[in-house]
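Residue numbers (the numbering used here): 2 to 121.
For each residue, glycine too, the CB sits at the ideal point set by N, CA and C.
Please read these numbers as outputs of a predicted model, since none were measured by experiment.
Structure (structure tokens):
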């Protein structure tokens, strides 16, 4: 089921989302200060490309990760989380869209605190 879900995900926006996250990572990596944030965008891009069958584990980020998560949350994390929550709500209205809504809930969680998150 996860393979079929990933194929449908790719066809209906997964590739576009992954490219958008990758481009955001490239833009952030232009500056030295933005490199850690750009690396997190690359991590999210890989998850957006193939989300079914993967789980996100938050935590184990240390003091530096905590500081970067706070900066991420204040600057752009809350916007990502709200956008993915809205999309998840729209998908979860229909029975067919529930699996895709659940993937957007994972993305909302990752969008809030990407530093120290592990994708399995």
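I want to know whether the segment 28–40 touches the segment 13–20 - three or more CB-CB distances under 8 Å.
no
Please state if the CB of residue 102 and the CB of residue 89 are separated by a distance shorter than 7 Å.
In the chain shown, the residue the question calls residue 89 occupies position 88. In the chain shown, the residue the question calls residue 102 occupies position 101. Against a cut-off of 7 Å, the Cβ pair of residue 102 and residue 89 comes out as a contact.
Based on DSSP bridge pairs, tell me the residues matched to residue 31.
Position 30 of the chain shown, counted from the first residue, corresponds to residue 31. According to DSSP, residue 31 bridges with nothing at all.
What do you get for residue 13, buried or exposed, if any count of 16 or more other CB atoms within 10 angstroms of its CB means buried?
Translated into positions along the chain shown, residue 13 becomes position 12. Exposed: under 16 other Cβ atoms inside 10 Å.
Let me know the secondary structure DSSP gives residue 80 once reduced to three states.
For the purposes of this step, residue 80 is taken as the residue at position 79 of the chain shown. In the structure shown, residue 80 sits in a helix (DSSP, three-state: H, G or I).
Do residue 120 and residue 48 have their beta-carbon atoms positioned less than 7 Å apart in this structure?
Stepping through the chain shown from its first residue, residue 48 is reached at position 47. Stepping through the chain shown from its first residue, residue 120 is reached at position 119. Yes, Cβ-Cβ distance for residue 48 and residue 120 is below 7 Å.
Roughly how far, in whole angstroms, is the beta-carbon of residue 118 from the beta-carbon of residue 56, given that I think they are within contact range, below 8 Å?
Numbered from its first residue, the chain shown carries residue 118 at position 117. Numbered from its first residue, the chain shown carries residue 56 at position 55. About 10 Å separates the two Cβ atoms, so there is no contact after all.
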